[in-house]
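Numbering-wise, the numbering used here comes out as the position in the sequence shown, counting from 1, plus 21.
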Amino acid sequence: MREERISQAELVERLHKCMAGERVVIATQTARYAARIQHVGATGLKVIPEPALEDSHGAPGDLEGHMVSFGDIESLELDEVRYLGEQ
Numbered sequence: 022m023r024e025e026r027i028s029q030a031e032l033v034e035r036l037h038k039c040m041a042g043e044r045v046v047i048a049t050q051t052a053r054y055a056a057r058i059q060h061v062g063a064t065g066l067k068v069i070p071e072p073a074l075e076d077s078h079g080a081p082g083d084l085e086g087h088m089v090s091f092g093d094i095e096s097l098e099l100d101e102v103r104y105l106g107e108q
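Quick look at the structure:
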């Protein structure tokens, strides 16, 4: 997978075009973790952390994600490219 650095504005633009299931890396002051997009909203994303997905054995849709702001997204993996937002 190749990496490409893009501006934070371009990263947000790409996130708005994403479908559910795309992989993102979230970095906050207290944590850094990989997650899958559940829903893209106007001010942020609803995501499900990957460890929660690995432990899930229920029906599709049984996990409830949580909201993160666009500013907390460190990277997006899309079409064999990892887009890294400039901080």
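Just so you know, even glycine gets a beta-carbon here, dropped at the ideal spot from N, CA and C. These figures come from a predicted structure and were not determined experimentally.
*Distance between Ala30 and Ser16 (C-alpha atoms, nearest Å)*: It is not possible to answer for residue 16, since the shown part of the chain is limited to 22 through 108.
*In three-state terms, what does DSSP make of Gly42?*
coil
*Spell out the partners DSSP gives Glu98 in its beta bridges.*
Arg44 and Arg103
*asked:* Do Ala55 and Arg44 count as a contact pair if the criterion is CB distance below 8 Å?
replied: yes
*asked:* Between the alpha carbons of Ile69 and Arg57, how many angstroms are there, rounded?
replied: 5 Å
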